[in-house]
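The structure appears below as structure tokens.
Numbering (our numbering), first residue to last: 126 to 971.
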């Protein structure tokens, strides 16, 4: 039996078929193990060098024809000057015989170790990888000759059937260098690892993939998901973590005027792409971008102009083909923004982009070319981009602004800005349209003033805006409430008569439009706006006038409040306001304002206003002191559309006392002055008072030894001091009154002045012997005090002189032109002759 088996084996082994099979197997092994690897090593590099115009290196090729594996070691592509372009340490391919049964190229394993790609952008903008496209690109024209045929062929020809069970890329490196800048910029990803499984071009066959890469700066890229190549579908996640902003800055630093930025970028998204449908889709979900530690600083600046600890931007859904983004959120927490406008009116933010050769940002050489007409038409036919912003939160970044383009350097700062809103943005061929709703704004601790000043001009504790909305398309805006609280305003009139608040808005000589003449404004419909409430509360202010010697603020006001309702700039709006005077007094006003014609109707109420606040102005004109006095009124104020002003109502001045500084005696004063119907008009001018009641009048008229009258001397001393001060300060020029103004008298009519219990002290120390007397219990009426031509003022007064005497004053006078008419009779009875004798001797002769 054994012999028979041996003979059978020998017959088979010696058969022609067996010998042929053995020869074929030997040849197959010889070709696979030796001939094919050696051929690849010898002929592939020269062919590639000729094709790619590059230097090719190939260390070793190994083929196992029985295991169906291919291994290539140390392959590299270099430029003629020796700079590397691409390469890898090891390529391993394991083919499977199951391809015969699947009718598809099947690979069990595809492994690539330490691959590298060196991407270089040359100074002329060309890319070194262009060599890999094939020589100098002369064949590109052939490829462009029949684009329609190419597209049609690509649609009709199915892809090569292929299945790869496992793909692995390990230790990869991608390096990018940009030589277009004065200092070349470089960035790299290393190590780069890729894992793919079940990748196939078979219909509706999906596979998994995972890509991870790390940069030398610590940035990490992760990309994973599932993919189908026929038809193409892919879904998965993409994440970038810890990318330093200085890395991308390297590639733009020659175009930017900022120092290496601080901060890191994180982003992540879930994506889905499907090209199998009639209308392809590309979607992003749960997208998130976070900037942490952002700090930007201009190259020549000492401090950063932007310092934001955290910026978070998110989007719930993004349809890239349908051009719609929804569920967008933006949050900014803390930080500061520092804006500076230089003497030429250029903001520091405008200097972020480096200037071109002509000195202007973005020179003509950098202007974009006109868009391709076909591409422009496609853009116009495409749906507009729409972005639904569900929430914007700005929490607390401080803001500083310095304006050096004005006559005086201006500074503004706030401790924090809070903002919240939602919005809808649409961008299409018609432009950008924005609608904002639920807008709220809070600005804390705002300070406005001049740089270097001891005290700011304006301080506001909080500015709060709520319930806001605006629409750029409709050009409309709405505001539920705007409130300014806890503010302080320091008003100063300088020695030249200028007001500091007005100087805040003065523009410097250098300021202006640095970009040339302004473009003509387009004719557009006016904005429509409505504010339900505008409120000002808990303000205070101090007024200082350096043209007079006050030694501090002349008047200080506190508890200032104001409220305007339903203000839209066109219709009548109700308002109310009030304040308290620190020196004494309270003012309240309420009414309606009509903004279009500029009319106003208001009720004005002034209570116990201290007149002593006017003392610096009196002291500037006379040697007198306004020791006391209180003013009160309650009436109607009106301003017509033509600018006519009027006020009508009762008026009261009580406890008035004006003291001469030289003697300390009361020069003039009274207990009460009441008018029940005070009517003042301007444009046309008119003053009408029905009656004046003057109670407790007190006056003193003294003639000194040298014949000087105390009242005249008090004002003369003030005038002399004023003449001296005129040489020490410059007063603003006042326009000369027109002939019409100079010639027209201010019409005045006072029906009657009723005196009650008045006192007048009179003394003449220029006589020998000296004379002094006192008229008290002075009562009576002065009627028809008027400025009209030919008006006669009737006088009917009586009083007591000293202890026993009486005095009567009757007659008439033209109050505004005594020379035109004066007829006054004075009757004295029961006078003490010791007081009367000096005057009898003076006028009767001695």
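Cβ atoms here follow ideal geometry from the backbone N, Cα and C, with glycine treated the same way. As the structure is a computational prediction, the values presented were derived from the model and not from experiment.
A Cβ-Cβ contact shorter than 9 Å links residue 344 with residue 369. One thing to note: residue 819 has its Cβ no nearer than 9 Å to the Cβ of residue 812. Residue state for residue 344 is assigned as coil, using DSSP reduced to three classes.
Spatial neighbours of residue 613 in its own chain (CB-CB distance under 6 Å, excluding positions within 5 residues in sequence) are listed in chain order as 584, 665.
Taking C-beta atoms as the reference points, residue 935 and residue 949 count as a pair closer than 9 Å. Assignment of residue 171 by DSSP, reduced to helix, strand and coil, places it in the helix class. The DSSP-derived three-state label of residue 886 is strand. Looking from the CA of residue 513, the closest CA among 617, 454, 832, 473 belongs to 454. A residue is called buried when at least 16 other Cβ atoms come within 10 angstroms of its Cβ; residue 424 does not meet this threshold and is exposed. Taking a C-beta distance under 9 Å as the contact criterion, residue 316 and residue 295 qualify as a contact pair.
Of 933, 926, 790, the smallest CA-CA separation from residue 907 is found for 933. Distance between residue 511 and residue 232, taken at the CA atoms: about 45 Å. Looking at the DSSP output, residue 836 bridges to nothing. As the crow flies, the alpha-carbon of residue 186 is around 19 Å from that of residue 241. Residue environment analysis places residue 740 among the buried positions, since at least 16 neighbouring C-beta atoms fall within 10 angstroms of its C-beta. Residue environment: residue 652 is assigned as exposed (fewer than 16 neighbouring CB atoms within 10 Å of its CB, all protein chains considered).
Annotated three-state conformation of residue 153 is helix, per DSSP.
Under the three-state reduction of DSSP, residue 906 is assigned to strand. For residue 243, the enclosing beta strand (DSSP E) has its first and last residue at 241–246.
With contact defined as three or more Cβ pairs closer than 8 Å, the stretch 734–749 and the stretch 763–773 are not in contact. Between residue 536 and residue 523, the gap from beta carbon to beta carbon reaches 9 Å or more. In the structure shown, residue 320 adopts extended strand secondary structure according to DSSP, grouped into three states.
Between residue 788 and residue 835, the C-beta gap is smaller than 9 Å, which places the two residues in contact. Residue 696 carries a coil assignment under DSSP once its states are collapsed to helix, strand and coil. Annotated as proximal: residue 456 and residue 517, with beta-carbon spacing under 9 Å. The criterion of a C-beta distance shorter than 9 Å is not satisfied by residue 956 and residue 886. If the five residues before and after residue 174 are omitted, its C-beta is found closer than 6 Å to the C-beta atoms of 181, all from its own chain and listed in chain order.
The beta carbon of residue 890 sits closer than 6 Å to those of 829, 830, all from its chain and outside the five residues before and after it, given in chain order. Bounds of any alpha helix (DSSP H) do not take in residue 891, whose DSSP letter is neither H nor E. The continuous beta strand (DSSP E) containing residue 782 extends over residues 770–785. Taking a 10 Å sphere around the C-beta of residue 386, we find 16 or more other C-beta atoms and assign the residue as buried. If the five residues before and after residue 154 are omitted, its C-beta is found closer than 7 Å to the C-beta atoms of 190, all from its own chain and listed in chain order.
Sequence-distant Cβ neighbours of residue 808 in its own chain, meaning closer than 7 Å and more than five residues away, are 768, 769, 770.
Sequence-distant partners of residue 297 (beyond 5 residues in either direction) whose C-beta falls short of 6 Å from its own C-beta, in its chain, are 240, 317.
Of the candidates 335, 346, 365, 400, the residue whose Cα lies closest to the Cα of residue 357 is 400. In this structure, residue 897 lies away from residue 941, with their beta-carbon atoms at least 9 Å apart.
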